Amino acid sequence: MTTKDRLHAKALSALTHHGGPWIGLTIAAPLTGGVLLICQTWLFADILGQAIEHNRPLAALAPAIGLVLALLIIRATLGALGERAGVSAAEAIKLQLRQALFAQLLARPPRAADQPASGSAASVIIDQTEALDGYFARYLPAMIQASVLPLAFGAVILPLDWLAGLLFLVTAPLIPLFMALVGWGAQIATTRQARALSQLNGRFADRLRGLLTLKLFGRAEAETASIVAASDELRRRTLRVLRIAFLSSAVLEFFAALGVAGIALYVGLTYIGYLQLRPEPLSLQLGLFLLLMAPEVYNPLRQLAACYHDRSSAKAAIGEIEAQLGVLPTTIARPSDAPPLPYIAAIAVALSDFTIRTPDRSRAILVNAALHVAAGEHVAILGPSGSGKSTLLETIARLRPHEGSAHLDHIELAEWAESDLRGRVTLLSQKPRIIHASMADNIALARPGATPAEIVRAAELAHVLPFADALPDGLDTMLGEDGVGLSGGQAQRVALARIFLRDAGLILLDEPTAHLDGELEQAVLNNLLRYAQGRTLIVATHSLAVAAHLGKAYRIAGGRLLATPVPAAGKRSAA
Numbered sequence: 001m002t003t004k005d006r007l008h009a010k011a012l013s014a015l016t017h018h019g020g021p022w023i024g025l026t027i028a029a030p031l032t033g034g035v036l037l038i039c040q041t042w043l044f045a046d047i048l049g050q051a052i053e054h055n056r057p058l059a060a061l062a063p064a065i066g067l068v069l070a071l072l073i074i075r076a077t078l079g080a081l082g083e084r085a086g087v088s089a090a091e092a093i094k095l096q097l098r099q100a101l102f103a104q105l106l107a108r109p110p111r112a113a114d115q116p117a118s119g120s121a122a123s124v125i126i127d128q129t130e131a132l133d134g135y136f137a138r139y140l141p142a143m144i145q146a147s148v149l150p151l152a153f154g155a156v157i158l159p160l161d162w163l164a165g166l167l168f169l170v171t172a173p174l175i176p177l178f179m180a181l182v183g184w185g186a187q188i189a190t191t192r193q194a195r196a197l198s199q200l201n202g203r204f205a206d207r208l209r210g211l212l213t214l215k216l217f218g219r220a221e222a223e224t225a226s227i228v229a230a231s232d233e234l235r236r237r238t239l240r241v242l243r244i245a246f247l248s249s250a251v252l253e254f255f256a257a258l259g260v261a262g263i264a265l266y267v268g269l270t271y272i273g274y275l276q277l278r279p280e281p282l283s284l285q286l287g288l289f290l291l292l293m294a295p296e297v298y299n300p301l302r303q304l305a306a307c308y309h310d311r312s313s314a315k316a317a318i319g320e321i322e323a324q325l326g327v328l329p330t331t332i333a334r335p336s337d338a339p340p341l342p343y344i345a346a347i348a349v350a351l352s353d354f355t356i357r358t359p360d361r362s363r364a365i366l367v368n369a370a371l372h373v374a375a376g377e378h379v380a381i382l383g384p385s386g387s388g389k390s391t392l393l394e395t396i397a398r399l400r401p402h403e404g405s406a407h408l409d410h411i412e413l414a415e416w417a418e419s420d421l422r423g424r425v426t427l428l429s430q431k432p433r434i435i436h437a438s439m440a441d442n443i444a445l446a447r448p449g450a451t452p453a454e455i456v457r458a459a460e461l462a463h464v465l466p467f468a469d470a471l472p473d474g475l476d477t478m479l480g481e482d483g484v485g486l487s488g489g490q491a492q493r494v495a496l497a498r499i500f501l502r503d504a505g506l507i508l509l510d511e512p513t514a515h516l517d518g519e520l521e522q523a524v525l526n527n528l529l530r531y532a533q534g535r536t537l538i539v540a541t542h543s544l545a546v547a548a549h550l551g552k553a554y555r556i557a558g559g560r561l562l563a564t565p566v567p568a569a570g571k572r573s574a575a
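In structure tokens, the structure reads:
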């Protein structure tokens, strides 16, 4: 086993305890059933021996027959209970792992260099995590059974018949050995198949997102052909994995059949007198017991072979998860474990020798800028379109790289923990994200635990209620993706309502009153300013009327950030 395989096995083992009591029941049920199987088989062989050898009447055997039926029902119940427990354990582990991976993904800076493509991340969290289901629901209990029951059965049989017991103890370990030899090839093929699936999902999602661009450049048909070719290659990889899995099962069945045939041959030759390896004659009861137990000795190994592919899939899934999202989290916190957010104080902003460049670093958007905003101060950023106002706000929110010094509350911007930064800083962009959900759910994205009354209050402050109440379902009205069904101003106000649900210490707003007429702009602005009392507020805007209500103003011109007088109240011309 390679170091990587050991690490993956360790990661799977670490996830096991998140299955709770279901994991214990998944393992205990079949082991208990194995003990009862020995008792049931011995009783059944005794019943046949008493009836055939000693001509016992049926009435005398009725209690033993009833006990055999009772044991059969109990074993069936334990089997069903073990399967149900395995499914429940796997679902619990997958749910908590998905929550942890999603939280780990959100904890990264949104534009980090190692951020995976959205399609690949979705594939990992959904598909690769789902691939762990078979490992915990089927393979883990089958592996425990295969490790314990064949040896236990052999140990029980050995004092009764040394040759049969020795045959079981020798042949049973050989089967996992040959399975492992075949399994190495299966693991390699499964890992390649998991990687190909993740890449195909990411590629498909990226092409779907850029479908309009591909059509404009005449590349839609070529990309469709490449997706078809990649899908066909994935199909071929999947068939290779299945071919190896079937080979593994064939190897096990071959050796299991040899073991059962060996016991049958030994018992038959002993009864007809060709073999005399026992000091006393072989009774009918013992012979039947050996024949009945022979398939059961190898049955746990058969189950392991049937589930062996689940192990390969799980290890490949763990490898793909770590390749895309990093090392698995060592602890999985439940949502209820998260502490409540404390009161958020205003945050001071200090930028010096601050430079922002385009993503390809070919052009500087802002050069050697200096900006000092005291805690609780309200500042306007003015400038023509394309001057860099939006980029500046995104950089302060650590969504873009920068050069120079940037401090929030006297802490270097890069040193802020992602969760703390997102909890204390909120940004409203010019094109806020509206998802396919109800209006209330879109507002509640700012704070999922918000009460209905708090959501209504936020909608009221953002002046969402006037147009929401005119709809049949009010705030429960379903919205289309990207705000389909709303005007630009309405979508902006729905996103603005999220600000009133947050308890942020630094509020960054990019054209918060865009698409609003003068009267509505004034009403929304008044609510914003009242809410922002005691908080730091930085607003990028074209509107001089908006800037006139703020305490300080800066203008971006020629790549420089310059202090400028606050415009006189009442002006609405573009900056």
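Take 1 as the starting number for the sequence shown in UniProt numbering and just add one per residue. Ideal Cβ placement from N, Cα and C applies to all residues, glycine included. The structure presented is a predicted model; accordingly, all values stated were derived computationally and were not measured.
- Within the segment 346 to 374, the runs of beta strand (DSSP E) at least 3 residues long that lie entirely inside it are, in chain order, 349 to 357 and 364 to 373.
- In the DSSP assignment, Gly49 falls within the unbroken alpha helix (DSSP H) covering Pro21 to Glu53.
- Taking C-beta separations shorter than 6 Å and ignoring five residues to either side along the sequence, the partners of Phe44 in its chain run Val68, following chain order.
- Rounded to the nearest whole angstrom, the C-alpha separation of Leu508 and Glu377 is 12 Å.
- Our two residues, Thr477 and Glu521, have alpha carbons roughly 24 Å apart in a direct line.
- For Ile538, DSSP records a beta bridge to Val379 and Leu508.
- Ala540 is not a Cβ neighbour of Leu399, given a cutoff of 7 Å.
- Only buried fits Ala314, as 16 or more other CB atoms lie within 10 angstroms of its CB.
- Between Ala497 and Ile443, the gap from beta carbon to beta carbon is short of 7 Å.
- One alpha carbon belongs to Asp482, the other to His436, and they sit about 8 Å apart.
- For Ile455, the secondary structure class from DSSP, reduced to helix, strand or coil, is helix.
- In this structure, Gly134 and Asp310 form a Cβ contact; the two beta carbons are roughly 3 Å apart against a cut-off of 8 Å.
- In the DSSP assignment, His309 falls within the unbroken alpha helix (DSSP H) covering Leu284 to Leu325.
- In this structure, DSSP gives Ser543 an extended state, which the three-state scheme calls strand.
- Just measuring C-alpha positions, the residue of Ala523, Ala152, Asp232 and Arg560 sitting nearest His549 is Ala523.
- Using a C-beta cut-off of 8 Å, the segment 278 to 287 makes contact with the segment 48 to 60, since at least three inter-stretch Cβ pairs fall below that distance.
- Here Leu258 has Thr171 as same chain residues with Cβ atoms under 8 Å from its own Cβ, once five neighbours each way along the sequence are excluded.
- Here Ala414 is exposed: its Cβ has fewer than 16 other Cβ atoms, across all protein chains shown, within 10 Å.
- Cα atoms of Tyr531 and Asp503: separation of roughly 10 Å, rounded to the nearest angstrom.
- Thr213 counts as exposed, since fewer than 16 other C-beta atoms from the protein chains shown sit within 10 angstroms of its C-beta.
- Scanning Gly388, Ala80 and Leu106 for the CA closest to the CA of Leu561 turns up Gly388.
- For Ser147, the number of other beta carbons within 10 angstroms of its own is below 16, and it is reported as exposed.
- Taking a contact as a CB-CB distance under 8 Å, the pair Ile93 and His8 does not count as one, their CB atoms being some 15 Å apart.
- Of all C-beta pairs linking the segment 444 to 464 to the segment 400 to 412, fewer than three are shorter than 8 Å, placing the two stretches out of contact.
- In this structure, DSSP gives His436 a state outside helix and strand, which the three-state scheme calls coil.
- By the CB criterion at 7 Å, Leu292 and Val267 fall outside the cutoff.
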